[in-house]
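Report on the structure given below.
Residue numbers (our numbering): 102 to 527.
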């Protein structure tokens, strides 16, 4: 009798697995070796889960926005913060004092007729500014001529800009001139860039949180045998979407020469740039994950950082995207120091670079700061995730009014101090 041929059992631990998740689960390294590796994103750094696509609740849809009356639309804009809510006795938009009155005001512009709006006048002696709810607005504009687009059309354009609708579709939907659309887009991006630069995180990490640091190139310009690169250095706490920080490299450190082969590469990050970035945006006792750039290995004065790196180079069998690491004596358990296991890599921030560069496709900006506006807009939407961008736009415009009011108050205080000094010391 011949030897019976061995076959794989139909059930049990040796059964054949189908292609897909079961086979992937059985072939994991930790399943075969019995070793437990750390999570790429620590559970202590995981943020709140985002809403599912079917459960997302929008503040208002585009169809509902069209069905609102002028009065309802004005109340909607005031509620979200797109425009201020003015009344007698409220704060002036130009001087900040609560001295608004309805006496001695001219008739409203034609674009505001039918909106239940009123003109107000500041009764302060040094101000006397006449204003309405669109005065001093960074995005809405009201003129005296007939060439001013209707306010409802401006609101519709802003709603589409908040959702980043492509320009060709926006023009077909709204039905206005492309120059007007681009004018409002530049106004909105200018406000948004200031908001992102002022509100992005100034200090990240601490308590041995894991932060990824990397740099990316968004544009290059060749002039003769010199190439100017627009490079941004960024950092992001793993698991926290709103922690993304971007800083543009200086022009002097972004120049390179064209090689004899006709190619050119962006200059590497310098040690001084890395130390300046880390001193401004990182805290002590932080685990920093980077790629194989040499500048990241330099110590930062007055900061205690733990450094993990992976090599994206093709040398020595690379590239490597993740690597298991262990830091000794950093995690306190029952007043004792134990080891902290991490997974080195820059996968989180690399995904951010992909979405950021996608937002700059098709942008033909003549000046570098115009590209930066698109980068800041992509950073802002990366913060928001699946949140309603129309509601977020109201928060940005409310912040702009508060910042402008603080600047005006500071200016008036400086003028009052100067007048007092002149009076005391004639």
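All C-beta atoms in this analysis are idealised placements derived from N, C-alpha and C, irrespective of residue type, glycine included.
These figures come from a predicted structure and were not determined experimentally.
In terms of residues, what are the limits of the beta strand (DSSP E) holding residue 336? Against the chain shown, residue 336 aligns to sequence position 235. In the DSSP annotation of this structure, the continuous segment of the beta strand (DSSP E) that includes residue 336 starts and ends at 327 to 338.
Determine the closest residue to residue 475 out of 418, 222, 283 and 381, with distance taken between C-alpha atoms. If you number the chain shown from 1, residue 475 lands on position 374. Of the candidates 418, 222, 283 and 381, 283 places its Cα closest to the Cα of residue 475.
Rounded C-alpha distance that separates residue 337 from residue 331: As a position in the chain shown, residue 337 is number 236, starting the count at 1. As a position in the chain shown, residue 331 is number 230, starting the count at 1. Roughly 20 Å separates the two Cα atoms.
Coarse secondary structure for residue 279, derived from DSSP in three states: Taking the chain shown and counting its residues from 1, the one referred to as residue 279 is at position 178. Residue 279: helix per DSSP, three-state reduction.
If you reduce the DSSP assignment to three classes, tell me which class residue 200 lands in. As a working note, residue 200 is residue 99 in the chain shown. Looking at residue 200 - three-state DSSP - the assignment turns out to be coil, as it is neither helix nor strand.
Determine the extent of the alpha helix (DSSP H) in which residue 475 is found, giving its start and end residues. One-based indexing of the chain shown puts residue 475 at position 374. Annotation for residue 475: the continuous alpha helix (DSSP H) segment containing it runs 469 to 485.
Check each candidate in 242, 485 and 399 and name the one with the smallest Cα separation from residue 378. Position 277 of the chain shown, counting from 1, holds the residue named residue 378. Out of 242, 485 and 399, the CA that lies nearest to the CA of residue 378 is found in 399.
Going by CA-CA distance only, name the one from 353, 367 and 352 that's closest to residue 359. Your numbering for residue 359 matches position 258 in the chain shown. 367 is the residue among 353, 367 and 352 whose C-alpha sits nearest the C-alpha of residue 359.
If you draw a straight line from the C-alpha of residue 147 to the C-alpha of residue 491, how long is it? Residue numbering aside, residue 147 sits at position 46 when the chain shown is read from its first letter. Residue numbering aside, residue 491 sits at position 390 when the chain shown is read from its first letter. Each residue's alpha carbon lies about 26 Å from the other.
With residue 571 as the anchor, note down where its beta strand (DSSP E) starts and where it stops. Nothing about residue 571 can be read from this structure; the chain reaches only from 102 to 527.
Quick check on residue 439: does DSSP put it in helix, strand or coil? Translated into positions along the chain shown, residue 439 becomes position 338. When secondary structure is reduced to three states using DSSP, residue 439 falls in the strand class.
Identify the continuous alpha helix (DSSP H) that holds residue 374 and give its terminal residues. Sequence index remark: in the chain shown, residue 374 carries index 273 (1-based). Where residue 374 is concerned, the enclosing alpha helix (DSSP H) stretches over 372 to 382.
Beta-carbon within less than 6 Å of residue 466's beta-carbon, same chain only, minus the 5 sequence neighbours each way: which residues are those? Your numbering for residue 466 matches position 365 in the chain shown. Closer than 6 Å at the Cβ level, and outside the excluded window around residue 466, lie 472.
Inter-residue Cα distance where the pair is residue 223 and residue 351: Counted from its first residue, the chain shown places residue 223 at position 122. Counted from its first residue, the chain shown places residue 351 at position 250. Residue 223 and residue 351 have their C-alpha atoms roughly 44 Å apart.
Once you ignore the five residues that flank residue 232 on each side, which residues in its own chain have a CB closer than 6 Å to its CB? Here residue 232 refers to the residue found at position 131 when the chain shown is read from its first residue. Hits under 6 Å: 194 and 221.
Local conformation of residue 284 per DSSP, three classes: As a first step, residue 284 is located in the chain shown; it is residue number 183 there, counting from the start. Looking at residue 284 - three-state DSSP - the assignment turns out to be helix.
For residue 553, name the three-state secondary structure that DSSP assigns. Any question about residue 553 goes unanswered here, given that the chain covers just 102 to 527.
Alpha carbons only, please: which of 421, 417 and 402 is nearest the one belonging to residue 410? As a working mapping, residue 410 is identified with position 309 in the chain shown. Out of 421, 417 and 402, 421 has the C-alpha closest to the C-alpha of residue 410.
Could you check which residue in 327, 142 and 249 has the C-alpha nearest to that of residue 281? What you label residue 281 is simply residue 180 of the chain shown in a count that begins at 1. Taking residue 281 as reference, the option from 327, 142 and 249 with the minimal CA-CA separation is 249.
Measure how close the beta-carbons of residue 66 and residue 216 come, nearest whole angstrom, since I'm counting them as under 8 Å. Residue 66 lies beyond the residue range present for the chain, which begins at 102 and ends at 527; the question has no answer from this structure.
I need the boundaries of the alpha helix (DSSP H) containing residue 175, first residue and last residue. In the chain shown, counting from the first residue as 1, residue 175 sits at position 74. Counting along the chain, residue 175 sits inside the alpha helix (DSSP H) bounded by residues 171 to 181.
Proximal residues to residue 346 (C-beta, below 8 Å), its chain only, five neighbours per side dropped: One-based indexing of the chain shown puts residue 346 at position 245. Excluding residues within five positions, the ones whose Cβ falls inside 8 Å are 301, 302, 305, 335, 336, 337 and 382.
Determine whether the beta carbon atoms of residue 310 and residue 257 lie at a separation below 8 Å. Locating residue 310 in the chain shown gives position 209, where the first residue counts as 1. Locating residue 257 in the chain shown gives position 156, where the first residue counts as 1. No. Outside cutoff.
I'd like the list of long-range same chain contacts for residue 234, defined as Cβ closer than 7 Å, with 5 residues on each side in sequence excluded. Within the chain shown, numbered from 1, the residue matching residue 234 stands at position 133. Counting only Cβ-Cβ distances below 7 Å, and skipping sequence neighbours, we find 184, 185, 187 and 218.
Between the beta-carbon of residue 279 and the beta-carbon of residue 272, is there less than 8 Å? Indexing the chain shown from 1 puts residue 279 at position 178. Indexing the chain shown from 1 puts residue 272 at position 171. Yes. Within cutoff.
Roughly how many whole angstroms lie between the Cα atoms of residue 161 and residue 364? As a working note, residue 161 is residue 60 in the chain shown. As a working note, residue 364 is residue 263 in the chain shown. When rounded, the distance between both Cα atoms is 50 Å.
Whole-angstrom C-beta distance between residue 396 and residue 426, which should lie under 8 Å: Taking the chain shown and counting its residues from 1, one reaches residue 426 at position 325. Taking the chain shown and counting its residues from 1, one reaches residue 396 at position 295. The Cβ separation is near 20 Å, so there is no contact.
Considering only C-alpha positions, which residue in the set 479, 470 and 353 is nearest to residue 462? As a working note, residue 462 is residue 361 in the chain shown. Considering only 479, 470 and 353, the residue with the shortest C-alpha distance to residue 462 is 479.
Which residues mark the beginning and the end of the alpha helix (DSSP H) in which residue 258 is found? Here residue 258 refers to the residue found at position 157 of the chain shown. Residues 252 to 263.
Return helix, strand or coil for residue 290, following the three-state DSSP convention. Here residue 290 corresponds to residue number 189 of the chain shown, with the count starting at 1. Three-state result, residue 290: helix.
Which residues DSSP lists as bridging residue 413, in chain order: Here residue 413 refers to the residue found at position 312 when the chain shown is read from its first residue. Looking at the DSSP assignment, residue 413 forms no beta bridge with any residue, so it has no partner.
Give every residue of the same chain whose Cβ lies closer than 7 Å to the Cβ of residue 394, excluding the five residues on either side of it in the sequence, and list them in chain order. For the purposes of this step, residue 394 is taken as residue 293 along the chain shown, with counting starting at 1. So the list reads 369 and 370, once near-sequence residues are dropped.
If you follow the alpha helix (DSSP H) that residue 166 is part of, which residue opens it and which one closes it? Position 65 of the chain shown, counted from the start, is the residue given in the question as residue 166. Start and end: 163 to 168.
Tell me where the beta strand (DSSP E) around residue 310 begins and ends. Here the question's residue 310 lines up with position 209 in the chain shown. For residue 310, the enclosing beta strand (DSSP E) covers residues 310 to 324.
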